[in-house]
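Undergrad: Dropping the structure in here first, questions after.
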Amino acid sequence: MSGNGRRLFAGGNGVGCPHHCWGNRKKPRLWRRKLNFAIGLAGGTFGSLFGLGGGVIIVPLLVRFLGLPQHTAHGTSLMSLVFTGFVGSLPYLWYRHLDASSAFILALSAMGTAHLGAKFCHTLPERKLKRYFGVFLMVMAFFLLSKQYLGALSDPLTGVARWLTLIGAGLLTGFLSGLMGIGGGAIMIAFLAILLGFDQHLAQGTALLAMIPGGAIGGWTYWKNGQVDKNNLLPLIIGITLGALAGGTLAQYIPTDKLRIFFAMILIGLGYRYTQQKTSKESPNGN
């Protein structure tokens with residue numbers, strides 16, 4: 354049989370592949386898109402429900418189930434964070450659980466120090482920093498759980514002290530975000546709730562809005578460096594948009610005290626995870 358005959362006999366497509374091969378080739382791409390949508394839906398719901406942006410869900414799922422490199426997962430997550438912040442904050446705005454002026458100050462301050470954190474991320478002891486940050490998150494969780502029993506600390510700061518606290522929280526958030534690649538929502542919400550007397554809904558809505566500029570800048574940086582999964586970004590964004598709207602709306606029906614407790618439990622889990630985290634750059638003696 355001639356070469357052409359063998360190719361035709363193999364599948365009739367001239368390339369030696371049965372017709373059903375084409376369906377099999379399309380399945381992985383379709384499967385990845387569906388999985389990206391599901392990951393976005395989960396991350397958007399969680400992120401807007403608790404004001405954390407959703408990166409804590411999206412990044413590990415992109416790495417584990419789609420095999421993305423860590424930096425590409427971070428970049429893809431940051432690009433999608435813009436949609437989580439914008440869409441997720443809409444239900445909070447509708448129910449008047451959002452302080453736009455505070456969000457503006459937080460975002461502006463964070464943008465001023467994010468590049469400093471990124472500059473020092475390779476020179477400071479990463480594992481120790483993550484441990485300290487984990488302990489910090491767990492301490493913040495303790496204060497949130499004990500908020501109503503803290504007496505004077507539960508009285509909100511006002512006047513100049515309020516604005517200085519917002520600026521300080523934004524500066525710290527930006528630095529830690531650049532240093533360790535975190536969204537910063539947990540820090541913002543903790544400061545707003547503990548020091549400024551925001552109820553949990555108001556703190557979460559404000560933090561979601563404040564994340565947008567930083568997420569946009571960070572995401573664009575990763576995009577320029579080719580560290581964004583552009584081929585599968587659209588289904589991820591669609592899932593995030595629907596999830597963020599659902600999560601933000603659901604949050605409005607949870608009593609603020611219960612929402613604060615749920616958020617504190619998440620901080621404890623995240624804090625413990627940071628204290629146990631190792632780095633690939635770490636030597637056997639931990640340096």
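Okay, so the sequence shown: first residue is 354 according to my numbering, each after it adds one.
Built from N, CA and C at the ideal position, the CB exists for glycine as well.
1. Of all the options Leu421, Gly400, Gly404, Leu405, which has the alpha carbon lying nearest to the alpha carbon of Leu388?
2. Could you tell me if Gln347 is buried or exposed, where buried requires 16 or more neighbouring beta carbons within 10 angstroms of its beta carbon?
3. Over the uninterrupted alpha helix (DSSP H) stretch that includes Arg626, give me the two end residues.
4. Could you tell me the boundaries of the alpha helix (DSSP H) in which His424 lies?
5. Could you tell me the distance, in whole angstroms, from the CA atom of Tyr606 to the CA atom of His554?
6. Relative to the C-alpha of Ile591, which residue among Leu414, Trp384, Ile392 is closest?
7. So what does DSSP say about Phe399, is it helix, strand or coil?
8. Decide yes or no for the touch test of the region 608-628 against the region 456-473: beta carbon pairs closer than 8 Å, at least 3 of them.
9. Can you list, in chain order, the residues of its chain whose CB lies under 6 Å from that of Gly571, leaving out five sequence neighbours each side?
10. So which of Leu545, Gly406, Arg386, Arg382 has the shortest CA-CA distance to Gly596?
11. What's the call for Phe307, buried or exposed, on a 16-neighbour Cβ count within 10 Å?
12. Hey, Thr602 and Pro478 are a contact pair by Cβ (cut 8 Å); roughly how many whole angstroms apart?
13. Apart from the five residues on each side of it in sequence, which residues of its chain come closer than 8 Å, Cβ to Cβ, to Phe436?
14. Should Arg626 go down as buried or exposed, given a rule of 16 or more other Cβ atoms within 10 Å for buried?
15. Is the beta carbon of Ala522 less than 8 Å from the beta carbon of Ile547?
16. Give a yes or no on whether the C-beta atoms belonging to Gly600 and Gly441 are separated by under 8 Å.
17. Note down the Cα distance separating Gly400 from Phe390, rounded to an integer number of angstroms.
18. For Gln557 and Asn585, what's the separation of their Cα atoms in angstroms?
19. Looking only at its chain, what residues have a beta carbon closer than 6 Å to the beta carbon of Leu414, apart from the 5 residues adjacent to it on each side?
20. For Ser433, collect the residues of the same chain with a Cβ closer than 6 Å to its Cβ; drop the 5 residues on either side in sequence, then sort them by chain order.
21. Taking buried to mean at least 16 other C-beta atoms within 10 Å of its own C-beta, is His468 buried or exposed?
22. Short check: CB of Leu524 to CB of Ser462, under 8 Å?
23. Could you work out which residue in Val416, His424, Gly531 is closest to Lys577 when comparing CA atoms only?
24. Taking only three categories from DSSP, how would you classify Asn585?
25. Would DSSP call Gly550 helix, strand or coil?
26. Using a Cβ-Cβ cutoff of less than 7 Å, which residues in the same chain neighbour Asp452 once the five nearest sequence positions on both sides are dropped?
27. Since Leu498 and Thr518 should fall inside the 8 Å C-beta cutoff, what is the C-beta to C-beta distance between them, to a whole number of angstroms?
28. Taking a contact to mean a Cβ-Cβ separation below 8 Å, would you say Leu545 touches Gly537 in this structure?
29. Cutting at 6 Å between CB atoms, please list the residues of its own chain near Val581, excluding the five before and the five after it.
TA: Inspection of the coordinates gives the following:
1. Leu421
2. Within the shown structure, residues of the chain are numbered from 354 to 640, placing residue 347 beyond reach of any answer.
3. Judged by DSSP secondary structure, Arg626 falls within the alpha helix (DSSP H) whose first and last residues are 609-629.
4. 423-447
5. 10 Å
6. Ile392
7. The DSSP-derived three-state label of Phe399 is helix.
8. Fewer than three beta-carbon pairs drawn from the region 608-628 and the region 456-473 are found closer than 8 Å, and the two stretches are therefore not classed as touching.
9. Leaving aside the five residues that flank Gly571 on each side, the residues in its chain whose CB is nearer than 6 Å to its CB run, in chain order, Leu431.
10. That would be Gly406, whose Cα lies nearest to the Cα of Gly596.
11. Lying before the first or after the last residue shown, residue 307 is absent from the chain, which here runs from 354 to 640.
12. That pair is no contact at about 42 Å.
13. Gly397, Ile590, Ile593, Thr594, Ala597
14. exposed
15. no
16. A contact, by the Cβ cut-off of 8 Å.
17. Each residue's Cα considered, the two are about 15 Å apart.
18. CA-to-CA, the gap between Gln557 and Asn585 works out to about 28 Å.
19. Within the same chain, Ile392 come within 6 Å of Leu414 by CB-CB distance, once the 5 residues on both sides are set aside.
20. For Ser433, where only same-chain residues beyond five positions count, the Cβ hits under 6 Å are Leu589, Ile590, Ile593.
21. Under this definition His468 is an exposed residue.
22. For Leu524 and Ser462, yes; Cβs fall inside 8 Å.
23. His424
24. helix
25. coil
26. Leu555, Thr559
27. Contact flag wrong, Cβ pair sits at about 21 Å.
28. No, these two residues do not count as a Cβ contact at 8 Å.
29. Gly428, Thr429, Met432, Tyr575
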